[in-house]
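Comments concern the structure below.
Protein chains in written order, with my numbering: chain A, 1160 to 1274; chain B, 53 to 165.
This is the structure:
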């Protein structure tokens, strides 16, 4: 069964450093998302991406964040200058079509720890 | 208006019992009402979802009940099993194009053998 994959599974970085989180969505999917989950809290929407541009973004997704689909298979989230409060689990998700009742499939997540 | 509230925060049920988790939302534009299941160290996975034009949907031991006027929907797990022990999130969305999910606060379910 096709699945969303994410790398790395864990990332430790120093405050102020740049990190890139990578995702490979399900191959025929068209909509891509990043969510994050701070330890013990709910999953929060960051950004959605369609047709090589951002569709929607939340208040969390400020200028320190960017997304890219560099090669038609990977979908990346870059945090330019990490802060302590960026420590969280980051989930990538993808969806096939734009229909209202299509399932979003989540990857296993990348646990980011900012020291 | 995007607030989604879940209750209870945690739930302990005996094996074979019924688990009930509730979700209340404010945004009347929501038109897709899924429940996601998350095991420790894993990403959320869709468990069951309902459209707003029906009041109940059943898939095996899992049932969603939807009350549009009250802006609430609930998950019922019949004959709860230890393997059901996980965190459950309601995550409604609105068909605005991107359909990003608005996750509830989560319910940690523990099923005691």
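Idealized CB from N, CA, C, for every residue including glycine. Please read all numbers here as calculations on a predicted model, not as lab measurements.
- A buried status is given to residue 126 of chain B, since no fewer than 16 other beta-carbon atoms sit within 10 Å of its beta-carbon.
- For residue 1189 of chain A, the closest of A:1261, A:1180, A:1246 and A:1244 by C-alpha to C-alpha distance is A:1261.
- With contacts defined by Cβ atoms closer than 8 Å, residue 1164 of chain A and residue 1178 of chain A do not form a contacting pair.
- Counting of Cβ neighbours within 10 angstroms places residue 1221 of chain A among the exposed residues, the total staying below 16.
- Unbroken beta strand (DSSP E) runs of no fewer than 3 residues, entirely contained in the stretch 1224-1267 of chain A, are found at 1224-1227, 1234-1238 and 1247-1254, following chain order.
- Straight-line measurement puts the Cα of residue 1269 of chain A at about 33 Å from the Cα of residue 117 of chain B.
- Residue pairing from DSSP places residue 1270 of chain A in a beta bridge opposite A:1169 and A:1248.
- As a beta-bridge residue in DSSP terms, residue 111 of chain B pairs with B:114.
- A check of alpha carbon separations from residue 70 of chain B across B:121, B:122 and B:128 identifies B:128 as the nearest.
- Here DSSP, grouped into helix, strand and coil, assigns residue 96 of chain B to coil.
- By the criterion of at least three beta-carbon pairs nearer than 8 Å, the stretch 104-115 of chain B is not in contact with the stretch 58-72 of chain B.
- The beta carbon of residue 147 of chain B lies closer than 6 Å to those of 83 in the same chain, with the five residues before and after it left out.
- For the set A:1199, A:1267 and A:1242, the Cα lying nearest the Cα of residue 1249 of chain A is the one of A:1267.
- Using a Cβ-Cβ cut-off of 8 Å, residue 1181 of chain A does not count as an interface residue toward chain B, since no Cβ of chain B sits closer than that to its own.
- For residue 57 of chain B, the enclosing beta strand (DSSP E) begins and ends at 56-59.
- Distance from the CA of residue 123 of chain B to the CA of residue 1172 of chain A, rounded to the nearest whole angstrom, comes to 42 Å.
- If you look at residue 1212 of chain A, you'll find it in the beta strand (DSSP E) that goes 1212-1216.
- Within the stretch 127-157 of chain B, the complete beta strand (DSSP E) runs of at least 3 residues fall at 138-142.
- If you draw a 10 Å sphere on the C-beta of residue 91 of chain B, you find fewer than 16 other C-beta atoms in it, and that means exposed.
- Contact of residue 155 of chain B with chain A is assigned, a C-beta pair being separated by under 8 Å.
- Under DSSP, residue 101 of chain B takes part in a beta bridge, and its partners are B:86.
- By the CB criterion at 8 Å, residue 1213 of chain A and residue 1203 of chain A fall outside the cutoff.
- The three-state secondary structure of residue 1177 of chain A, taken from DSSP, is coil.
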